[in-house]
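Residue numbers (the working numbering), protein chains in the order written: chain H, 249 to 572; chain F, 249 to 572; chain S, 1102 to 1436; chain X, 1102 to 1436. Beneath this line is the structure, given in structure tokens, with notes to follow.
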Amino acid sequence: MQSINELLAAYRSMRTMRDFEERMHVEFATGGVPGFVHLYAGQEASAAGICANLTDKDVLLNTHRAHGPAIARGADIFAVAKEIYLRKGGLCRGRGGSAHLHDPRSGLWGANSGVGSGVALGCGAALAARNQKTGGIAVALVGDGAINQGVVSEALNLASIWKLPLIIAIENNGYGEATTVEYASAGKDLYTRAAAFDIPGVQVDGHDFFAVSDAIEAAAARARCGDGPSLVEVKQLRYFGHFEGDAQTYRPQQEVETCRRETDCLQLFRDVVTAGEFIGETELDSIDSEVADLINRVYAEAQSAPYPADDELMQFIYASEYQV
Amino acid sequence: MQSINELLAAYRSMRTMRDFEERMHVEFATGGVPGFVHLYAGQEASAAGICANLTDKDVLLNTHRAHGPAIARGADIFAVAKEIYLRKGGLCRGRGGSAHLHDPRSGLWGANSGVGSGVALGCGAALAARNQKTGGIAVALVGDGAINQGVVSEALNLASIWKLPLIIAIENNGYGEATTVEYASAGKDLYTRAAAFDIPGVQVDGHDFFAVSDAIEAAAARARCGDGPSLVEVKQLRYFGHFEGDAQTYRPQQEVETCRRETDCLQLFRDVVTAGEFIGETELDSIDSEVADLINRVYAEAQSAPYPADDELMQFIYASEYQV
Amino acid sequence: MSVKTYKQAINEALVQEMRRDPAVILMGEDVAGGTGSAGQDDAWGGPMGVTRGLVGEFGSDRVLDTPISEAAYIGAAIGAAASGMRPVADLMFIDFAGVCFDQIVNQAAKYRYMYGGQDKIPLTIRTMMGAGLGISSQHSQSFYPIFSYFAGLKVVIPSGPYDAKGLLIAAIRDDDPVIFCEHKMLYEMSEEVPDESYEIPLGEANFVRSGGDVTIVAFSRMVHIASEAADELSKQGIECDIIDPRTSSPLDTESILESVEETGRLVIVDESGPRFGMASEISSIVAEEAFASLKAPIGKVTPPFVPIPAAPNLESLYIPDSRQVIAAVNKVMQS
Amino acid sequence: MSVKTYKQAINEALVQEMRRDPAVILMGEDVAGGTGSAGQDDAWGGPMGVTRGLVGEFGSDRVLDTPISEAAYIGAAIGAAASGMRPVADLMFIDFAGVCFDQIVNQAAKYRYMYGGQDKIPLTIRTMMGAGLGISSQHSQSFYPIFSYFAGLKVVIPSGPYDAKGLLIAAIRDDDPVIFCEHKMLYEMSEEVPDESYEIPLGEANFVRSGGDVTIVAFSRMVHIASEAADELSKQGIECDIIDPRTSSPLDTESILESVEETGRLVIVDESGPRFGMASEISSIVAEEAFASLKAPIGKVTPPFVPIPAAPNLESLYIPDSRQVIAAVNKVMQS
Ligand SMILES: Cc1ncc(C[n+]2csc(CCOP(=O)(O)OP(=O)(O)O)c2C)c(N)n1
Ligand SMILES: Cc1ncc(C[n+]2csc(CCOP(=O)(O)OP(=O)(O)O)c2C)c(N)n1
Ligand SMILES: [Mg+2]
Ligand SMILES: [Mg+2]
């Protein structure tokens, strides 16, 4: 059970992610956003529900659909935006971009291509946490498409036999690029893959913050007390294309409309928390306007930031001496 | 149900594999066998039970424990031995050796390292058979250790969604090198991995020719009529080390002794077929002595064969023109 | 003959080969796109839309969307090739070779040799390389030299639409595994391309420009950078030979040597890494085989030894440009 | 000081580093061997028994047997390294880099750079290379140049027990990912090795022999082939410098250039491939930077461009031998 402050924080987190992405969608369409940009809008309850259960000892392993989880994990949103715009002051000094938001101080690890590697890296983070007795756990995000990478199965097995404090959160948004999960992934439900590796697996409604949070809470408790990994399949829908510029002809048009209307995570959250007597619509509305204001400042700052200095090109290749 | 001739052929096949390996074990110990040599002894019912259900349109994908399956599939045993001895006239002209016995004319494809790749290659053989409407299927052998390679999970998923005419036969001999399947592979039974990919999976006693053959017969029928892949876990034990020279200190000594005494596949087969009225011990004994004689001739010929000609070194790199 | 983009030329090569030979099949992530969805089929048409339209004509038995499982489907393509098919597998980014490297360099490359010449593997792997889109170090590499290291593979790196079509047709008809590396910044480049089918043999360089003062060897996008530089240099009175070998394995060293023997001066312009890359290889060959002809140390224009950054200014510094080529040519002219 | 084999020297380096620093952990297939079995623990002790005894002293929290899942455990080692551990991952054969290549060249190599310098990845990958055991083309390769292509990695190729110990200790203490390539034919080689711990800095060549007439650069097992040849050549009156750079990334080009500037003649002896390999790289560097000093074309002694056959006579033809080195030296001496 969350406190009122926690609920308000979760709402603010989801609203921030949403507004950040809605604005990004507009900015992309009008030009000026570099690279490949994958928006997280629609999936916010997942990142918020996961991060609500993490401490600063824990590690969240991101995917290429990186903006939402980075914001939810508490990375500096100005640095997030600057990284997407590939500017000085970006989380990765403008070297990684949208898909590689990485902020280890916030317990956020960036995505790698190939997709799916985060589950293996997460095994390492979990192993280190156990060996170092930090009490930390790792949560690896992985998409419904990426789940079919070999390294994911390998890592599920490894996490299981080593009983690692790891949670594998499959963000099943129905598609890997234009390919449906029904086509690409054998078996109706992805959480059933867990059983093959002797890992408990559950499926939750990914538009419902509380469902996600509860499942992660249970999995995290299991991990923290040494009982090993769990898999949580978070079912959801992305509101935009695979990346910006995707014409989305593979989807029926009403798919997103219906979801936005009927199962939007922000609306569902509002409905639940305002049904009680402690949180009112106005309180949430004022968060909305604070966030709107924040987002304006974030974009203004990011768009006007300079690019990294040219002489950074050859910096930070090696941590130790490397002399040729 | 097998005919008497088929039963005699299966017995001859298993006896040939066994004698070939027992002799190889001795030859290795006394020097003169090159490279890494993995013996199949103890597992013969698997290769025999599988091959009893294959036609010449089908492809069997071998592992590094290659001698038995090559013999069972009908590759020229003289060429098999010469390949192991890396001689002229070897199946692969002395280039692949023990672990890479390959004879496409017999529908036998050699193993590759890394282990597990055969399942992916088998998807391709199965896809080709379907596209070319040959009626053929593919059977990919994979060890209990190799099953943890990512490519195997990827290929299980691919075979499932493409409904390929493929059988995955896990030869679970309890160990991958010195590591037990119980340690390395999450989940008690490997056949349960099939369910994760929506593939039917069964487990059979791999010392029982009839159990293996029946399971493969059913899976092959399924594959041939377009119903897609199946997985068969064949539980067994290898009689020798991972490779020759392995001191096997990781195994309790009586493990193999008990198995040889109580569940040896040749003895079990003898017991079953001689229980009826059609096959007598003497008939089998005469196969035994024919095989013993054959094995003598095979080793004599292989050991005295010359090495490949030096000028073969640069041959068969490319099938098409390659001019630098 | 009509003006076609690189993308269209590649698409046309695929269409014509699939019409000609039923053994040619296509597989990869979203090479059609939308299989099994409630929306439109062929919604994606492959990375950059290069394979759009193919599933409509050839059906989903021959144009196969795959899961994100490169090791499995490249492995399957090898198996299909060993069974008489002629698969074209799409590996979206060359960077992803990392997840299927064993299939490419151990299985495909060695299948024929290791098994004693019993098989052929007529497999083409199409993949996209090159920096320029601001998508960082794991989506922008050009490590085609890595494949060229391995005996058993052939490696093709087309620099324009005409070459792309003719080389892809040759690659598909070739009986060996070919890695076909398309440059992502060239897809919209256009030029006259014959409508009919034609082959450009693998291993024959293209003499892009004849000058006589200095030899420039360049591949893929760098051919155009070299040409820009040569235009500029010509104004200064320096006339360049430009040679585009078009394939790095086999490599047409004869054409390079022929030119260098005449000019005595060589600059290599390449987007692969500065070490163990194309520039090192060609320079080493020429230093060995045309040692006596060389009037100056060989010039190399390559990216620096660094992963590829995303920021546009840093990425621009990373990619070789015509000013660097001009400087390198001027340097070799001075010795 | 006592006589130790290459194998023992490596084992000792691991033991001493694990004693010194609790962050050092070991993982790989059967690095102990027998975990969970009814027989004896530590029954395997890693490929060739190199890690025998470690699990006994350090326990199974620090010496971890893994499933046959290189991508997962190398990935896990990277993740552990990013978390402050100092993992040593065992990749049995260098050939198996094929199944975890993405982890090595995309994740480990680029982690620090791509993320803006926030992390360090103190990871050592031990792996076994080299031909000579008759185990064919997928277990005998020496493609360490492939790793050396990538910025972000370091690559070590020790030629004997003394170097192996000092370089492995340096590799483990190094804050970057290091690929440590052991030659499978050297494990039983022995020489005097100090008992105490010592580091040999990565990037410093070893001057194996001083001659003055011709420079031979060789790595790993080829250092011994070169020495054999040099002994023979000395009888003929030709005195060789032999330089073992010991690491291919960083590469001590300075030492090579220094020697070549004196001798004016260079032969490179290497077991990696003849194209895009070590010989090409060094020859290209020298041709560029010591052009004026060179009195003869550079000689390269490498295997031919072919996968590695198993048959002993063919494999012998594949591996560079001292007669080829002698011939190459004689050739460069004649110009
Ligand atoms: C190994 C690898 N193959 C292909 C890609 C290209 N790619 C990037 S994202 C993506 C789709 C991923 O789908 P999913 O895992 O469902 O995540 P989503 O985009 O839906 O969030 C693909 C194919 C990649 N990055 N890595
Ligand atoms: C990718 C890869 N990793 C490691 C190896 C080394 N190796 C060869 S056989 C083997 C054990 C395989 O065990 P299993 O699959 O159970 O087959 P078995 O030997 O028991 O028949 C290993 C680890 C390899 N060949 N390929
Ligand atoms: Mg998805
Ligand atoms: Mg086994």
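Virtual Cβ for every residue (Gly too), placed ideally from N, Cα, C.
Review point. Thinking C-beta only, is S/V1368 closer than 8 Å to S/V1430?
Key: Taking the first residue of the third sequence as position 1, residue 1430 of chain S is located at position 329. Taking the first residue of the third sequence as position 1, residue 1368 of chain S is located at position 267. Yes. Within cutoff.
**Study point:** Alpha carbon of S/R1322 to alpha carbon of S/S1260, nearest angstrom
**Key:** Here residue 1322 of chain S corresponds to residue number 221 of the third sequence, with the count starting at 1. Here residue 1260 of chain S corresponds to residue number 159 of the third sequence, with the count starting at 1. Their Cα atoms are separated by approximately 6 Å.
Review point. With respect to the alpha helix (DSSP H) encompassing X/S1394, which residues constitute its N-terminal and C-terminal limits?
Key: Locating residue 1394 of chain X in the fourth sequence gives position 293, counting from the first residue. Per DSSP, X/S1394 belongs to no alpha helix (DSSP H) and is neither H nor E.
Practice item. Flag F/Y423 as yes when its Cβ comes closer than 7 Å to any non-hydrogen atom of ligand 4, and as no otherwise. Key: Position 175 of the second sequence, counted from the first residue, corresponds to residue 423 of chain F. Yes, Cβ of F/Y423 sits closer than 7 Å to a heavy atom of ligand 4.
Point to revise | chain H residues whose Cβ lies nearer than 9 Å to that of F/A434 | key: Looking up residue 434 of chain F in the second sequence gives position 186. Per Cβ cutoff of 9 Å: L404, N405, L406, A407, S408, I409, A444, F445, D446 and I447.
Check your understanding: Of all the CB atoms in chain S, is at least one closer than 8 Å to the CB of H/M272?
Key -> Position 24 of the first sequence holds residue 272 of chain H. Contact of H/M272 with chain S is not assigned, every C-beta pair being separated by 8 Å or more.
Exercise for review: Measure from the C-beta of H/H286 to each C-beta in chain X and report whether the shortest distance is under 8 Å.
Suggested key: Counting from one through the first sequence, the residue named residue 286 of chain H turns up at place 38. Not closer than 8 Å to any Cβ of chain X, the Cβ of H/H286 fails to qualify, so no.
Check your understanding: Could you give the residue range of the alpha helix (DSSP H) that holds H/G366?
Key -> Within the first sequence, numbered from 1, the residue matching residue 366 of chain H stands at position 118. S365 to N379 is the span of the alpha helix (DSSP H), which, as asked, contains H/G366.
Check your understanding: Is it right to say X/P1405 is buried, meaning 16 or more other beta carbons lie within 10 angstroms of its own, or is it exposed?
Key -> Numbered from its first residue, the fourth sequence carries residue 1405 of chain X at position 304. With fewer than 16 Cβ atoms within 10 Å of its Cβ, X/P1405 is classed as exposed.
Check your understanding: Comparing alpha-carbon positions, which option in X/K1432, X/P1410 and X/V1125 lies nearest X/P1223?
Key -> If you number the fourth sequence from 1, residue 1223 of chain X lands on position 122. Closest option to X/P1223, Cα to Cα, is X/V1125.
Review point. Which residues of chain F have a Cβ atom closer than 9 Å to the Cβ of S/M1186, listed in chain order?
Key: Reading the third sequence from its first residue, position 85 is the one you call residue 1186 of chain S. Within chain F, the residues near S/M1186 are G372, L375, A376, N379 and Q380.
Check your understanding: Cβ atoms of S/D1277 and F/S568: under 8 Å apart, would you say?
Key -> Here the question's residue 568 of chain F lines up with position 320 in the second sequence. Here the question's residue 1277 of chain S lines up with position 176 in the third sequence. Yes; because the gap between Cβ atoms is below 8 Å, this pair is in contact.
Check your understanding: Is X/R1187 helix, strand or coil when you go by DSSP?
Key -> Along the fourth sequence, read from residue 1 onward, the residue named residue 1187 of chain X stands at position 86. Here X/R1187 sits in strand by DSSP.
Check your understanding: So what's S/H1284 in DSSP terms, helix, strand or just coil?
Key -> Residue numbering aside, residue 1284 of chain S sits at position 183 when the third sequence is read from its first letter. The three-state secondary structure of S/H1284, taken from DSSP, is strand.
Review point. If we ignore side chains and look at the alpha-carbon of each, how far apart do X/I1317 and X/I1326 end up?
Key: Along the fourth sequence, read from residue 1 onward, the residue named residue 1317 of chain X stands at position 216. Along the fourth sequence, read from residue 1 onward, the residue named residue 1326 of chain X stands at position 225. Rounded to the nearest angstrom, the two C-alpha atoms are 11 Å apart.
**Study point:** Endpoints, alpha helix (DSSP H) assigned at S/K1432
**Key:** Here residue 1432 of chain S refers to the residue found at position 331 when the third sequence is read from its first residue. Secondary structure note for S/K1432: its alpha helix (DSSP H) is the uninterrupted segment S1423 to Q1435.
Practice item. Could you tell me if the beta carbon of H/G366 falls within a distance shorter than 7 Å of some heavy atom in ligand 1? Key: For the purposes of this step, residue 366 of chain H is taken as the residue at position 118 of the first sequence. Outside the cutoff, so no.
Check your understanding: Cβ atoms of X/C1201 and X/I1236: under 8 Å apart, would you say?
Key -> The sequence position of residue 1236 of chain X within the fourth sequence is 135, counting from 1. The sequence position of residue 1201 of chain X within the fourth sequence is 100, counting from 1. No, they are not a contact pair.
Review point. What separation, rounded to the nearest whole angstrom, lies between the Cα atoms of H/A359 and H/G393?
Key: Working through the first sequence from its first residue, we reach residue 359 of chain H at position 111. Working through the first sequence from its first residue, we reach residue 393 of chain H at position 145. In this structure, the alpha-carbon of H/A359 lies about 15 Å from that of H/G393.
Exercise for review: Look up H/N360 in the DSSP assignment and say whether it is helix, strand or coil.
Suggested key: Start at 1 with the first residue of the first sequence, and residue 360 of chain H comes out as number 112. H/N360 falls in the coil class under three-state DSSP.
Exercise for review: For H/P477, count neighbouring C-beta atoms within 10 Å of its own C-beta (all shown protein chains included) and say buried if the count is 16 or more, exposed if not.
Suggested key: As a first step, residue 477 of chain H must be located in the first sequence, where it is residue number 229. The residue is buried, with at least 16 neighbouring Cβ atoms inside 10 Å.
Point to revise | Where the stretch 1176 to 1206 of chain S meets chain F: residues whose CB sits under 9 Å from a CB there | key: Taking 9 Å as the cut-off between beta carbons, the residues of the stretch 1176 to 1206 of chain S near chain F are G1176, A1177, A1178, I1179, G1180, A1181, A1182, A1183, S1184, G1185, M1186, P1188, V1200, C1201, D1203 and Q1204, in sequence order.
Point to revise | Start and end residues, alpha helix (DSSP H) containing F/M272 | key: Walking along the second sequence from the start, residue 272 of chain F turns up at place 24. First-last of the alpha helix (DSSP H) with F/M272: I252 to A277.
**Study point:** Inter-stretch contact (C-beta, 8 Å, three-pair minimum) for the stretch 439 to 446 of chain H and the stretch 393 to 409 of chain H
**Key:** In the pairwise beta carbon analysis, the stretch 439 to 446 of chain H is classified as touching the stretch 393 to 409 of chain H: at least three pairs are separated by under 8 Å.
Practice item. Select from the stretch 350 to 369 of chain F all residues with a C-beta closer than 9 Å to any C-beta belonging to chain X, and list them in chain order. Key: Listed in sequence order: N360, S361, G362, V363, G364 and S365.
**Study point:** CA-to-CA distance, X/A1272 to X/P1302, given in whole angstroms
**Key:** Position 201 of the fourth sequence, counted from the start, is the residue given in the question as residue 1302 of chain X. Position 171 of the fourth sequence, counted from the start, is the residue given in the question as residue 1272 of chain X. In a straight line, the C-alpha of X/P1302 is about 9 Å away from that of X/A1272.
Point to revise | chain F contact for H/N396 (CB, 8 Å cutoff) | key: Counting from one through the first sequence, the residue named residue 396 of chain H turns up at place 148. Output row for H/N396: interface = yes.
Review point. Does at least one heavy atom of ligand 1 sit under 7 Å from the Cβ of F/I527?
Key: Position 279 of the second sequence, counting from 1, holds the residue named residue 527 of chain F. F/I527: no, Cβ never under 7 Å from ligand 1.
Point to revise | Endpoints, the beta strand (DSSP E) within which S/Q1242 is located | key: Here the question's residue 1242 of chain S lines up with position 141 in the third sequence. Careful: S/Q1242 lies outside any beta strand (DSSP E) and carries neither H nor E.
Review point. Measuring from the CB of H/G393, is there a heavy atom of ligand 3 at a distance below 7 Å?
Key: Numbered from 1 along the first sequence, position 145 holds the residue referred to as residue 393 of chain H. In terms of side-chain proximity, the C-beta atom of H/G393 is found nearer than 7 Å to a non-hydrogen atom of ligand 3.
Point to revise | Chain-order list of residues whose beta-carbon lies under 7 Å from that of H/D536 (same chain, five-residue window excluded) | key: The count along the first sequence starts at 1 and reaches residue 536 of chain H at position 288. Cβ neighbours of H/D536 beyond the five flanking positions: R263.
Exercise for review: Give the range of the beta strand (DSSP E) segment to which F/F517 is assigned.
Suggested key: Here the question's residue 517 of chain F lines up with position 269 in the second sequence. Unbroken run through F/F517 is the alpha helix (DSSP H), C513 to A523; no beta strand (DSSP E).
Check your understanding: How far does the alpha helix (DSSP H) with S/I1317 in it reach, from first residue to last?
Key -> Locating residue 1317 of chain S in the third sequence gives position 216, where the first residue counts as 1. S/I1317 -> not in any alpha helix (DSSP H); beta strand (DSSP E) instead, spanning V1315 to A1319.
Exercise for review: Rounded to whole angstroms, what's the CA-CA distance from S/Q1239 to X/V1279? Just pull it up for me.
Suggested key: Start at 1 with the first residue of the third sequence, and residue 1239 of chain S comes out as number 138. Start at 1 with the first residue of the fourth sequence, and residue 1279 of chain X comes out as number 178. Cα-Cα distance, rounded: 19 Å.
Check your understanding: DSSP three-state call for H/C507: helix, strand or coil?
Key -> Taking the first residue of the first sequence as position 1, residue 507 of chain H is located at position 259. Note: H/C507 maps to helix in three-state DSSP.
Review point. By Cβ distance below 7 Å, which residues in the same chain neighbour F/T382 in space, the five residues on each side in sequence not counted?
Key: Taking the first residue of the second sequence as 1, we reach residue 382 of chain F at position 134. Here F/T382 has K305 as same chain residues with Cβ atoms under 7 Å from its own Cβ, once five neighbours each way along the sequence are excluded.
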